[in-house]
Amino acid sequence: VGFGASSQPKFFKSCTPVRTHVGSKGPMRCSAALPDNEIIERARNTQLIVTDVDGTLLNSSQQLTLRTEQAVKAAQDAGVPTIVATGKTRGPWSKDVLPRLGPPMPGIFVQGLLIYDEAGEIIYSNPLPDHIALEGIQFAKKHGVSLIAFCQDRILCESEDEHTDRTLDFGEPRAEAMGPLEDVLGEVEMHKLILMGEESTLERIRPEAEALFEGRAALTVAVPGMLEILPKGASKGQAVEWLLNHMKIDPSNVMAFGDGENDVEMLRLVGASVSVENAGTHARSASITVTASNDEDGVAQAIEKFVLAPRNILV
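Start counting the sequence shown at 1; every next residue gets the next number (this note's numbering).
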């Protein structure tokens, strides 16, 4: 959810969900979506796949399944590589997952605030202004919720607790207890802040946060119980647009996968947008079709149907 100047390029599409049939689930798609055969025709021109990680590429056990790995590699062999666009750092999880997706590729991390090239070097960075980070820290203290700060590949917190330890569930680095985070402002760049607590608590305080940061920062949710504060206008979609321009690939020739509110701008940007069955309403309404869930190899099923089958490739 962005505030102030829109982060959405002029070619973003908006849509409302209706029903279509993909596989056996009868999932939702946008009312402006093409019929199934035309989605396949559009996917013939796919040059790149961009996918969210948690809840999309990985299953609920944080695993990349063999079927998904094989589908991604088959697409790579057919000239359609895959890159990740995730809210996560380029942390421990990446050392297991990324090499299994094929040769090194650029990647989008920390909700689009960091882009690394195929050699692992940062080519784009968009940190929070210090005064916005300070207000976010103060807001968390005011409401008694936990807070973590993403600083490139590090995660910082004032003190560890049951909420800050949730990062470990996603293969992220352990949050480093630093004492008052106000004291490290200016010493490190904070790319994003995450307020952490009970989902009901964060839903209750979100309107106040939206009013506080309106026109000055962006808010989004990737995981229930985590409210993220990002730089103004920032999103995965903005980062994908930047990287596609860098790679000289038109967004219409890209397929993207997602499941969350934080994937909406990315899904609206590309030519073939696919959400998984477990996706929330925001992602579904931004997609032209919905595949099976992340626990049913949804990404693999869509790649097989829309990318590989039209090219007469069997996995």
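Virtual Cβ for every residue (Gly too), placed ideally from N, Cα, C.
Sheet register partners of residue i (DSSP bridge)
i, result
"residue 155", "150"
"residue 257", "51, 274"
"residue 107", "116"
"residue 196", "146, 226"
"residue 38", "According to DSSP, which records beta bridges pairwise, residue 38 is partnered with nothing at all."
"residue 252", "Paired residues: none, contrary to the question."
"residue 231", "217"
"residue 86", "The partner list for residue 86 (beta bridge, DSSP) is empty, contrary to what the question assumes."
Beta-carbon proximity check, residue i vs residue j, cutoff 7 angstroms
i, j, result
"residue 237", "residue 255", "no"
"residue 273", "residue 284", "no"
"residue 117", "residue 106", "yes"
"residue 114", "residue 192", "no"
"residue 65", "residue 297", "yes"
"residue 161", "residue 89", "no"
"residue 315", "residue 85", "no"
"residue 68", "residue 257", "no"
"residue 261", "residue 201", "no"
DSSP state of residue i mapped onto helix, strand, coil
i, result
"residue 219", "strand"
"residue 61", "coil"
"residue 288", "coil"
"residue 99", "helix"
"residue 298", "helix"
"residue 176", "strand"
"residue 202", "helix"
"residue 72", "helix"
"residue 125", "strand"
"residue 185", "strand"
"residue 209", "helix"
For residue i, the nearest candidate out of the options (CA to CA)
i, options, result
"residue 179", "148, 104, 196, 269", "148"
"residue 87", "278, 245, 234", "234"
"residue 321", "300, 288, 184", "Nothing can be reported for residue 321, as the shown portion of the chain is limited to 1 through 315."
"residue 288", "300, 264, 311, 108", "264"
"residue 139", "209, 52, 302", "209"
"residue 212", "136, 128, 291", "136"
"residue 182", "155, 133, 176", "133"
"residue 230", "258, 64, 190, 249", "190"
"residue 239", "108, 65, 223", "108"
"residue 44", "314, 293, 310", "310"
"residue 155", "163, 217, 228, 173", "173"
"residue 247", "41, 37, 83, 70", "83"
"residue 126", "56, 222, 111", "111"
"residue 286", "259, 35, 312", "259"
"residue 214", "224, 222, 232", "232"
"residue 281", "299, 222, 300", "222"
"residue 203", "228, 304, 57", "228"
"residue 120", "141, 98, 58", "98"
"residue 91", "151, 78, 41, 42", "151"
"residue 57", "217, 313, 279", "279"
"residue 60", "35, 293, 188, 217", "293"
Neighbourhood of residue i by C-beta distance below 6 angstroms, restricted to the same chain and skipping five residues each side
i, result
"residue 226", "194, 196"
"residue 76", "102"
"residue 143", "205"
"residue 159", "177"
"residue 302", "274, 291"
"residue 72", "82, 101"
"residue 224", "199"
Same chain, Cβ closer than 8 angstroms to residue i, neighbours up to 5 away in sequence not counted
i, result
"residue 46", "80, 253, 254, 255, 271, 272, 306, 307"
"residue 62", "54, 93, 169, 170, 171"
"residue 244", "48, 250, 251, 254"
"residue 39", "33, 272, 288, 289, 306"
"residue 123", "106, 115, 116, 117, 246"
Residue i: CB within 6 angstroms of a non-hydrogen atom of the ligand MN
i, result
"residue 108", "The ligand MN is absent from the structure shown, which contains no ligands of any kind."
Spatial neighbours of residue i in its chain, beta-carbon cut-off 7 angstroms, leaving aside the 5 residues before and after
i, result
"residue 186", "130"
"residue 164", "146, 148, 157, 175, 196"
"residue 100", "64, 69"
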